[in-house]
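Working notes, beginning with the structure itself.
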Amino acid sequence: MTGTALPLLPVSSFPSVAWPAMPGASGTAMLALQYQLGQSQWWPPELLRAKQMEQLQALLQHACHTIDFYRERLGAAGYVPGQPLTEAVWQAIPVLTRSEIQRAGDALLSRRIPAAHGRPGEVQTSGSTGQPLKTYGSGITQFFWQVFTLRDHLWQRRDLGGKLAIIRYWPDGSAAPPAGLHLPGWGPSTDAAFHTGPSSVLSIDSSTTQQAEWLLKEKPDYLLTHPTVARALAEHFIEHGFSLPELREVRTLSEALPSDLRALCRQAWGVPVVDMYTTREAGYIALQCPEHTHYHIQSENVLVEVLDASGAPCEPGQTGRVVLTSLHNFAYPLIRYEIGDYAELGEPCPCGRGLPVLTRVMGRVRNMLQLPDGEQRWPLLNYKAYREIVPLRQLQLIQRNSDSIEARLVTERPITADEESRLAEAIRASLGYHFTMNFNYCQEIPRSKGGKFEDFMCEIPVQNIEKT
Amino acid sequence: MKITPSAVPRTSVPDIIWPALPSGAAASLLAMQYQLEQSQWWTAEQLRVQQFRQLHALLTQAWESTPFYRERLKAAGFDPRTALTPETFSRLPLLHRQDVQAAGAALLSRQLPREHGKVHEGKTSGSTGRPLKYSGSQYSQFIWQSLTLREHLWHKRNFRGKLAVIRVGTQNNALNSWGPPADVVFETGPAATLDIGTAIATQARWLQEQEPDYLLGYPSNILDLANHCREQGIRLERLREVRTLGEALNPGLRLACQKAWGAPVVDMYSANEVGYIALQCPDHEHYHVQSEAVFIEILKDDGTPCQSGEIGRLVVTPLHNYAMPLIRYELGDYAAAGEPCACGRGLPVIARIAGRQRNLLTLPDGSRHWPRTGFQAWMEFLSVRQIQMVQKSLHEIEIKLVVDQTLTADEQARMIHVMQASLGYPFRIFFTYHQEIPRGAGGKYEDFISELGREGPR
């Protein structure tokens, strides 16, 4: 189905009234927030920052009063509860690392969570270093999660009456192939305020062939999945000449977006990719601009800082560490939390939104390539070139030390020595150095817990990188 | 850098300041603003589709629970089971003010759906001198408030400012806030109210003391006030905007306010029994029909719709008052349809409204007053079809009446008593009886005429 989208009409809880709608309590709360976000997105950055500081003031005060860890930490930075929070004090607060959170554990949990925030709920993240991270959210952080889910739908002007297919980590076994799980709506964020079409879920631990067959049967309007899944599917569809005529958009999350994915999805299905940057512990960080392929920081949800190696804020065009402060988590405050991702800060967006721009979200430091001269860079893998040499199903590169790379690969058939050496050359060319290459052929390269797949990992310990 | 004031709603959770988590009532108003924010940009056709869905719901309700309408709807070919077409709707007879006056309680719903809440009653003098009683529901009141809030947001008011109000039904008061709906949603500055009966010179002094950011009142009163301030050199330095309602905008009013105070005028067009009909465009001086709340027709004498630029009778169907449905209600005002607005809003444009026009009353001491006619009181014992008052001299008032029966001596005496009390002077009052009281120039109805000298920009 194509053509102009009908105006989006909220659900009405008044049977006798057709329009405008009177939504129920949760839909009303959701739309009251959308009204505010509809305004604040156009505010100038200075005003957004001022409002963030007001909210941070409340958060820091609460953290000081109810969490010893923060009382000491914030006090040492010069923060005095009740006094205005200045930028200087803010900058003096040390960055909070994942390992600090792991060590502190429940010591970061507030002793007195305000009743209106609801009970704290555990949030488990798989942890990129293999060590899971346990934090807590609240009823309020859950609510804001839903609010920004809906903002993304509204920004992208989705037809909520369409069908949504989801291929994601789904641990309870209910979304197993071949049938997957069938749900009547898109989920609570969307259903509270709008009539939605059905959705179907398939667990991410299914094969590309199973996923493709499932999609052909489901005929979705929207596909939500990880970038690496979308890429494998796009290649599969191109290779087999399959199509998804109803598909309008591929929505991606959870992994760094590979540079070739937008072109591949255009080629396979003629649809755009809309990416989002979210984390379980801090909610929505950035959403793709409705008019561009870069991202807008969700300033109403989180304060995002992109810091260089010295801890100073990056300028547009620079790549740095992402440091987050969740504005509304009063259960388990995360204040200047270094999530471990790297991102490139952008210039203000020509769309007119004052929400700051990230041009690229790179992923973890461990996804960075280290050259023997000590230079670090984000590797750009050239799948198109590799695939012209070998029938590749999966590829993962692991940097063991400063001059050798292990390539794990799954191929459709055994490949020849000649093909292997040509592939080695292609990989060296895209990485920009003549690495020693070791090939390791596998039946399957499994995803990490949580369903993430990383196509490049550097195993040189971080300390060694920082020293070089 | 100067940051423009951007209102953040009040929060109901103390620590969550921004974005705010508003309380139930405020959230309802903001959820409606979300919808209004979207629908204002829809095309005229998209708006019409939703209006007809809602008209169908309204007509179905009237069919089921308002006896007055059953026959009318049946005769027009309305069937609750099928979608309402514009053709069927236009076959419904117009509802005149006389019909409403005559129908009385037969226009009330016998079975108002629960979600519409309690019913309230009111009286209105009407913009054409034809007083009537009406009823509304809590829900129709909510729609009214939603549009009040839209009007504030359209004109980007600074809610922290001070609001001065000069109108009927208020006392001389200093208030902490602007009142609902603004203060339900936003933290507002203070407000001050003044009784409209106060002499113009006193009003001017009061305004000087109050130093308001916004002034709300009736055009006739404000015109005189502006002229007075200009003559007396009274500046209102803080005044950012004059807000008017209740009467047709005097042609000289915008210029008079600009000259006196350097403030623009923002006009609203509403009627007590109907709610908001049209609000001034944020970017222009003409009006946008509030299509989310009323279905408007502007009809030529032969009943066909006016083209843009043509003046015709305004026919209103409020979409959400199920307590007393007014279906194709001929309000009595005339309006000129406008071209689609350059601002991009799909809400239809009314270029000009020819409504009620009023002169001020002059007391023998020379002071000028907005004329209070005490209709709330005399409507209790008198059934009047139409009324017009004319100040013939400093001491004499003529009351022109259209009535079914000539007033008795007792009724005359009571009427005179009410009038003298509300006008604030023991005028000599005499009655004349008429078949109909015609409109003045431009289709405007003058409910109070002063023959002592007509006001205009001086």
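In order, the protein sequences belong to chains A and B. Count along the first sequence from 1, add 6, and you get the number used in our numbering. Count along the second sequence from 1, add 123, and you get the number used in our numbering. We treat Cβ as the ideally placed atom computed from N, Cα and C, and that holds for glycine.
Helix, strand or coil at residue i [DSSP, three-state]
i               : result
L189 of chain A : strand
S212 of chain A : coil
A292 of chain A : strand
M28 of chain A  : coil
L62 of chain A  : helix
M368 of chain A : strand
C404 of chain B : coil
H443 of chain B : coil
F154 of chain A : helix
G9 of chain A   : Residue placement at G9 of chain A is flagged as unreliable, the pLDDT there being 37, under the threshold of 50; the coordinate-derived value follows with that caveat. G9 of chain A: coil per DSSP, three-state reduction.
E332 of chain B : helix
M36 of chain A  : helix
R358 of chain B : coil
A262 of chain A : coil
V277 of chain A : coil
N335 of chain A : coil
M443 of chain A : strand
D461 of chain A : coil
G461 of chain B : coil
Residue-level contact to chain A via CB, residue i, 8 Å cutoff
i               : result
D202 of chain B : no
V417 of chain B : no
W277 of chain B : no
V242 of chain B : no
W267 of chain B : no
Q169 of chain B : yes
Y445 of chain B : yes
E238 of chain B : yes
A143 of chain B : yes
V131 of chain B : yes
W384 of chain B : no
I126 of chain B : Unreliable placement is indicated for I126 of chain B, whose pLDDT of 47 sits below 50; no coordinate value is reported for it.
Rounded Cβ spacing between residue i and residue j (contact assumed at less than 8 Å)
i               : j               : result
K169 of chain A : G203 of chain A : 5 Å
R383 of chain A : L375 of chain A : 5 Å
S545 of chain B : R479 of chain B : In fact, because the Cβ distance is near 18 Å, the residues do not count as touching under 8 Å.
I552 of chain B : I520 of chain B : 5 Å
C320 of chain A : V312 of chain A : 4 Å
Proximal chain B residues relative to residue i, where beta-carbon distance stays under 8 Å
i               : result
Y41 of chain A  : L153, A154, Q156, Y157 and E160
H68 of chain A  : D138
A24 of chain A  : Q173, R176, Q177, H179 and A180
F120 of chain A : Residue identity differs from the one stated: residue 120 of chain A is Pro in this sequence, not Phe. V136, P137 and D138, listed in chain order.
is_contact[residue i, chain B] using C-beta, thresh 8 Å
i               : result
V129 of chain A : no
H334 of chain A : yes
A198 of chain A : no
E297 of chain A : no
A27 of chain A  : yes
Q304 of chain A : no
P13 of chain A  : yes
A64 of chain A  : yes
I146 of chain A : yes
T135 of chain A : With a pLDDT of 48 at T135 of chain A, under the threshold of 50, the modelled position of that residue is not reliable, and the figure given next carries that caveat. With 8 Å as the cut-off, T135 of chain A does not count as an interface residue toward chain B.
Beta-bridge partners of residue i, as assigned by DSSP
i               : result
L554 of chain B : The amino acid occupying residue 554 of chain B in the given sequence is Phe; Leu does not appear at that position. Looking at the DSSP assignment, F554 of chain B forms a beta bridge with B:I522.
Q480 of chain B : B:E569
S393 of chain B : B:Y399
H492 of chain B : B:L484
G369 of chain B : Per DSSP, none; premise fails for G369 of chain B.
Under 8 Å by beta carbon: chain A residues contacting residue i
i               : result
Q184 of chain B : S22
W501 of chain B : Under the 8 Å cutoff, chain A gives no residues; its nearest Cβ is about 37 Å from W501 of chain B.
W165 of chain B : P13
Chain-ordered neighbours of residue i on chain A, where CB pairs are closer than 7 Å
i               : result
A150 of chain B : T34, A35 and A38
W329 of chain B : By Cβ distance, chain A contributes nothing, its closest Cβ being about 35 Å from W329 of chain B, past 7 Å.
7 Å Cβ cut-off: residues of chain B touching residue i
i               : result
E60 of chain A  : I140 and W141
K169 of chain A : The contacting residues do not exist; K169 of chain A stays about 24 Å from chain B at best.
P16 of chain A  : Q158
Within chain B, partners of residue i - CB distance below 9 Å
i               : result
A274 of chain A : Those within 9 Å of A274 of chain A in chain B number zero; the least Cβ separation is about 33 Å.
S46 of chain A  : S129, V131, W141 and P142
Chain C within 8 Å of residue i, Cβ atoms only
i              : result
K57 of chain A : Among the chains of the structure shown, chain C does not appear; the protein chains present are A and B.
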